[in-house]
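Novice: The structure follows.
There are 2 protein chains.
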Amino acid sequence: MRLATRAQGEPDGELLVVSGDARRCLSAGPRWPNLLAAITRWDVAEPALRALDARLAAGEGTALDESELRAPLPRSWQWLDGSAFPVHGRLMETAFSSPPIETDKPLMYQGMSDCFYGPTDPVPFPDAAQGIDFEGEFGVIVDAVPLGISAAQAMKHIKLVVQINDWSLRALALAEKKTGFGWIQAKPACSMAPYAVTPDALGAHWRDGRVCLDLAIDWNGRRFGNANGCEMAYGFHELIAHAAATRNLVAGTIIGSGTVANEEFARTGSSCISERRAIEIIADGKPSTPFMSFGDRVRMEAHMPEGAAPFGALDQEAVRA
Amino acid sequence: MRLATRAQGEPDGELLVVSGDARRCLSAGPRWPNLLAAITRWDVAEPALRALDARLAAGEGTALDESELRAPLPRSWQWLDGSAFPVHGRLMETAFSSPPIETDKPLMYQGMSDCFYGPTDPVPFPDAAQGIDFEGEFGVIVDAVPLGISAAQAMKHIKLVVQINDWSLRALALAEKKTGFGWIQAKPACSMAPYAVTPDALGAHWRDGRVCLDLAIDWNGRRFGNANGCEMAYGFHELIAHAAATRNLVAGTIIGSGTVANEEFARTGSSCISERRAIEIIADGKPSTPFMSFGDRVRMEAHMPEGAAPFGALDQEAVRA
Chain A
3 MRLATRAQGE PDGELLVVSG DARRCLSAGP RWPNLLAAIT RWDVAEPALR
53 ALDARLAAGE GTALDESELR APLPRSWQWL DGSAFPVHGR LMETAFSSPP
103 IETDKPLMYQ GMSDCFYGPT DPVPFPDAAQ GIDFEGEFGV IVDAVPLGIS
153 AAQAMKHIKL VVQINDWSLR ALALAEKKTG FGWIQAKPAC SMAPYAVTPD
203 ALGAHWRDGR VCLDLAIDWN GRRFGNANGC EMAYGFHELI AHAAATRNLV
253 AGTIIGSGTV ANEEFARTGS SCISERRAIE IIADGKPSTP FMSFGDRVRM
303 EAHMPEGAAP FGALDQEAVR A
Chain B
3 MRLATRAQGE PDGELLVVSG DARRCLSAGP RWPNLLAAIT RWDVAEPALR
53 ALDARLAAGE GTALDESELR APLPRSWQWL DGSAFPVHGR LMETAFSSPP
103 IETDKPLMYQ GMSDCFYGPT DPVPFPDAAQ GIDFEGEFGV IVDAVPLGIS
153 AAQAMKHIKL VVQINDWSLR ALALAEKKTG FGWIQAKPAC SMAPYAVTPD
203 ALGAHWRDGR VCLDLAIDWN GRRFGNANGC EMAYGFHELI AHAAATRNLV
253 AGTIIGSGTV ANEEFARTGS SCISERRAIE IIADGKPSTP FMSFGDRVRM
303 EAHMPEGAAP FGALDQEAVR A
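Going down the list, the protein sequences come from chains A and B. The first sequence begins at 3 in this note's numbering and counts up by one. The second sequence begins at 3 in this note's numbering and counts up by one.
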């Protein structure tokens, strides 16, 4: 099942169920006005939404106008972003001669959740000298998760899978990281691709709590990366268990994978500029790829092997705030 | 003006305007069903709430049952906690032989905002060996703040002042801090004292973006600290400007001061156990005060010089989750 959110006066938008070919949709209606309401009562909402999905499969529905779509969750109560691809961390540490992070747990920070930009929204930044960068990621949306849950039990709480661009300001990031407090200025609002899908919609590509799909990233129309989501050191279920060790997770919590990265980065490319610069530093002693300029575009779209894009595309321009 | 939130079926509760003596109240009514709704349209809500406040001053209203009160904001979209009292950081660094944090900006992390416990809620923790600690703080609630605002302009966006206990798990905190990613497991939900007040209600004790009041902290009935909120290195307006440097702040964002601490800590005591332990380590080479046990209570209440408690009291028990 594939869900989307249509622009509307309301800050949370209008929840749609979308056909597999993304050509038709049915409004979820007043009982489930938006995705935040639906995920809060997913036990009741899911059967109702699946019934609409069956009607779409039978040919019902109205034409979908993709230009009206926003982030599936335009805002939520909690966004917890992991950094679960080991090769990404290793490249960054090597390039910047940082000592490896000493931890036997997943890395995770809490970020801004009150705004997720929609698929084609221009993204405002105050200053291009702050090192504007994208980070291609996958994420999951959970229903309410109780404190102390095991990773195995957490798997059942993964209700939807999403694709995210975790925009970052690299010139500010290292200084904030050094404080130990995580990121405020270096991590403004993220973007979310238009479709949230149930794990079953990914078929065999949803595996061990991982999205085993290539995430194509094009910067100003040139292929930049096409790394696969499979190489997470921790699956999303393990990230959830980590997050819920001392807190209940509110329904609608979004958990991120961190920048998708592969051991074969020479073949797959990278999912953020910073990682490519790290590779350049290791190879050449200095980076040669600049960060983004105002007016630059980045497009992100994960593909099934046969070419379908389950989450749709993020295609956005960085603009001056 | 003093606001509170009454328990109700709704997750956001019911907004009340409360008389100066906390004996009477008026419901804000269906137009402003809860504080999150009111702060989102504060330009319109404030005059309506002030009109109710005038009616309370004229003797109207029904009896207030304090036992029904929850956190003024039981949940919000964003909680950004500073660490603005320099003596607290210095003591911690000295005790643990940590290098000083190198930054010319305020320290701030983003924490869990989907749940703020109410004034007498028992607070669940999974394991007393995790170093259960309280942190007495002040905080402010803002309306929508635009990206790039100056500190001077930010002052106008401080609509309400609150008193917070930022519960912390110290055995988990240092390891998370070392990752640079901030705190997930070490910072579960906070608590908020029952009354949110407009800055004018603090009179001359609201000064330069600081709450210049003593915050009395009693642990199991014994006075533990009574530090004054005046010694922030950055005022709340400066913390807001820091937070808004690269993001718009959503209405209802709560900004925290960090643990209230004074240079004369020998006289004022501390607002968290960890700081007292740091003082003990510096003096004696080792800490002698343990962290909290299940069944322990902590009470926090800021006082005006004449004894009034503008935010009311937090009085809670730590319990096993």
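All C-beta atoms in this analysis are idealised placements derived from N, C-alpha and C, irrespective of residue type, glycine included.
Flag L37 of chain A as yes if its beta-carbon sits less than 8 Å from any beta-carbon of chain B, otherwise no.
Specialist: Walking along the first sequence from the start, residue 37 of chain A turns up at place 35. Chain B, which has no Cβ nearer than 8 Å to the Cβ of L37 of chain A, makes this no.
Novice: Across which residues does DSSP place S170 of chain A in a beta bridge pair?
Specialist: Numbered from its first residue, the first sequence carries residue 170 of chain A at position 168. DSSP, once it has assigned bridges, lists A:D135 as partnering S170 of chain A.
Novice: Please go through the same chain and pick out, in chain order, the residues whose beta-carbon is closer than 6 Å to the beta-carbon of D298 of chain B, but skip the five residues on each side of it.
Specialist: As a working mapping, residue 298 of chain B is identified with position 296 in the second sequence. N222 and A320, listed in sequence order.
Novice: Quick check: L66 of chain A and R4 of chain A, are their CB atoms within less than 8 Å of each other?
Specialist: Along the first sequence, one-based indexing puts residue 66 of chain A at 64. Along the first sequence, one-based indexing puts residue 4 of chain A at 2. Result no, Cβ atoms of L66 of chain A and R4 of chain A do not sit closer than 8 Å.
Novice: Hey, does I143 of chain A have any beta-carbon neighbour from chain B nearer than 8 Å?
Specialist: By one-based count along the first sequence, residue 143 of chain A stands at place 141. Taking Cβ atoms only, chain B never reaches closer than 8 Å to I143 of chain A, which makes this a no.
Novice: Counting only Cβ pairs nearer than 9 Å, list the residues of chain A close to R77 of chain B.
Specialist: Translated into the one-based positions of the second sequence, residue 77 of chain B becomes position 75. By Cβ distance, chain A contributes W79 and V252.
Novice: For a quick check, are the C-beta atoms of W185 of chain B and R77 of chain A less than 8 Å apart?
Specialist: As a working note, residue 185 of chain B is residue 183 in the second sequence. As a working note, residue 77 of chain A is residue 75 in the first sequence. Cβ atoms of W185 of chain B and R77 of chain A: not closer than 8 Å.
Novice: So is G184 of chain B in contact with chain A if we call contact Cβ pairs under 8 Å?
Specialist: If you number the second sequence from 1, residue 184 of chain B lands on position 182. With 8 Å as the cut-off, G184 of chain B counts as an interface residue toward chain A.
Novice: My parser needs the beta strand (DSSP E) runs of 3 or more residues fully inside the stretch 91–145 of chain B; what are they?
Specialist: 110–113, 125–127 and 138–144
Novice: Cβ of G237 of chain A within 7 Å of any heavy atom in the ligand PLP?
Specialist: In the structure shown, the ligand PLP is absent, as is every other ligand, since no ligand is present at all.
Novice: Does M194 of chain B come out as helix, strand or coil in the three-state DSSP assignment?
Specialist: Residue 194 of chain B sits at position 192 when you count from the first residue of the second sequence. The answer is strand: DSSP assigns M194 of chain B an E or B state.
Novice: Could you name the residues of chain A that G150 of chain B contacts, counting a contact when the two beta carbons are closer than 8 Å?
Specialist: Sequence index remark: in the second sequence, residue 150 of chain B carries index 148 (1-based). In chain order: P128 and A323.
Novice: Who are the near neighbours of P196 of chain B in its chain, counting only those whose CB is closer than 6 Å to its CB and skipping five residues on each side?
Specialist: The residue labelled residue 196 of chain B in the question sits at position 194 within the second sequence. For P196 of chain B, where only same-chain residues beyond five positions count, the Cβ hits under 6 Å are A6, L71, P121 and G314.
Novice: Are any of the Cβ atoms in chain B nearer than 8 Å to that of C192 of chain A?
Specialist: The count along the first sequence starts at 1 and reaches residue 192 of chain A at position 190. No, its Cβ sits nowhere closer than 8 Å to a Cβ of chain B.
Novice: Taking only runs that begin and end inside the stretch 236–280 of chain A, name each unbroken beta strand (DSSP E) of 3 or more residues, in chain order.
Specialist: Listed in chain order, the complete beta strand (DSSP E) runs (minimum 3 residues) inside the stretch 236–280 of chain A are 256–258.
Novice: From the DSSP output, in three-state form, read off D83 of chain A for me.
Specialist: Here residue 83 of chain A refers to the residue found at position 81 of the first sequence. Here D83 of chain A sits in strand by DSSP.
Novice: Could you tell me whether any Cβ in chain B is nearer than 8 Å to the Cβ of E104 of chain A?
Specialist: Against the first sequence, residue 104 of chain A aligns to sequence position 102. Nearest CB-CB separation between E104 of chain A and chain B: below the 8 Å threshold.
Novice: For A175 of chain A and D135 of chain A, what's the separation of their Cα atoms in angstroms?
Specialist: Mapped onto the first sequence, residue 175 of chain A falls at position 173. Mapped onto the first sequence, residue 135 of chain A falls at position 133. Per the coordinates, the alpha-carbon of A175 of chain A lies some 11 Å from the alpha-carbon of D135 of chain A.
Novice: Curious, which full-length beta strand (DSSP E) runs of at least 3 residues does the stretch 13–81 of chain A contain?
Specialist: 16–20 and 26–29
Novice: Tell whether a beta-carbon distance below 8 Å holds between G15 of chain A and A9 of chain A.
Specialist: Locating residue 15 of chain A in the first sequence gives position 13, counting from the first residue. Locating residue 9 of chain A in the first sequence gives position 7, counting from the first residue. Contact flag set, yes.
Novice: Go ahead and pull the three-state DSSP assignment for K288 of chain A.
Specialist: In the first sequence, counting from the first residue as 1, residue 288 of chain A sits at position 286. Coil, per DSSP.
Novice: Would S290 of chain A be called buried (16 or more neighbouring beta carbons within 10 Å of its own) or exposed?
Specialist: Counting from one through the first sequence, the residue named residue 290 of chain A turns up at place 288. Exposed: under 16 other Cβ atoms inside 10 Å.
Novice: Return helix, strand or coil for M302 of chain A, following the three-state DSSP convention.
Specialist: Here the question's residue 302 of chain A lines up with position 300 in the first sequence. M302 of chain A: strand per DSSP, three-state reduction.
Novice: Select from the stretch 230–249 of chain A all residues with a C-beta closer than 8 Å to any C-beta belonging to chain B, and list them in chain order.
Specialist: H244, A245, A247, T248 and R249
Novice: Determine the closest residue to V19 of chain B out of B:A73, B:H239, B:A130 and B:A30, with distance taken between C-alpha atoms.
Specialist: The residue given as residue 19 of chain B occupies position 17 in the second sequence. It is B:A30.
Novice: Relative to the C-alpha of D129 of chain A, which candidate in B:D116, B:G150, B:M110 and B:Y111 has its C-alpha closest?
Specialist: Position 127 of the first sequence, counting from 1, holds the residue named residue 129 of chain A. Of B:D116, B:G150, B:M110 and B:Y111, the residue nearest in Cα terms is B:G150.
Novice: Using 10 angstroms around the beta-carbon of P102 of chain A, count the other beta-carbons present and answer buried if the total reaches 16, otherwise exposed.
Specialist: In the first sequence, counting from the first residue as 1, residue 102 of chain A sits at position 100. Result: exposed.
Novice: Given that a residue counts as buried once 16 or more other Cβ atoms are within 10 Å of its Cβ, and exposed if not, what is D83 of chain B?
Specialist: Working through the second sequence from its first residue, we reach residue 83 of chain B at position 81. Buried is the call here.
Novice: Residues of chain A with CB closer than 8 Å to the CB of K179 of chain B, please, in chain order.
Specialist: As a working note, residue 179 of chain B is residue 177 in the second sequence. By Cβ distance, chain A contributes G182 and F183.
Novice: Give the range of the beta strand (DSSP E) segment to which Q318 of chain A is assigned.
Specialist: The residue labelled residue 318 of chain A in the question sits at position 316 within the first sequence. Taken as a continuous stretch (DSSP letters only), the beta strand (DSSP E) holding Q318 of chain A covers L316 to R322.
Novice: Assess, as a yes-or-no matter, whether the stretch 157–166 of chain B is touched by the stretch 222–234 of chain A under the definition of 3 or more beta carbon pairs within less than 8 Å.
Specialist: They do not touch, by the three-pair rule.
Novice: Taking the alpha carbon of S100 of chain B as the reference point, which residue from B:G91, B:C274, B:P108 and B:K107 has its own alpha carbon closest?
Specialist: Your numbering for residue 100 of chain B matches position 98 in the second sequence. Of the candidates B:G91, B:C274, B:P108 and B:K107, the one whose C-alpha sits nearest the C-alpha of S100 of chain B is B:G91.
Novice: Residues of chain E with CB closer than 9 Å to the CB of C117 of chain B, please, in chain order.
Specialist: The chain labelled as chain E is not found among the protein chains of the depicted structure, namely A and B.
Novice: How long is the line joining the alpha carbons of M114 of chain A and G113 of chain B, rounded to whole angstroms?
Specialist: Position 112 of the first sequence holds residue 114 of chain A. Position 111 of the second sequence holds residue 113 of chain B. Each residue's Cα considered, the two are about 10 Å apart.
Novice: I need the straight-line Cα distance from A304 of chain B to P312 of chain B, nearest angstrom please.
Specialist: As a first step, residue 304 of chain B is located in the second sequence; it is residue number 302 there, counting from the start. As a first step, residue 312 of chain B is located in the second sequence; it is residue number 310 there, counting from the start. Near 7 Å, if we compare the C-alpha coordinates of P312 of chain B and A304 of chain B.
Novice: Among the residues of its own chain, which have a CB less than 7 Å from the CB of F293 of chain A, if the five just before and after it don't count?
Specialist: The sequence position of residue 293 of chain A within the first sequence is 291, counting from 1. Closer than 7 Å at the Cβ level, and outside the excluded window around F293 of chain A, lie G133, I134, D135, R172 and I275.
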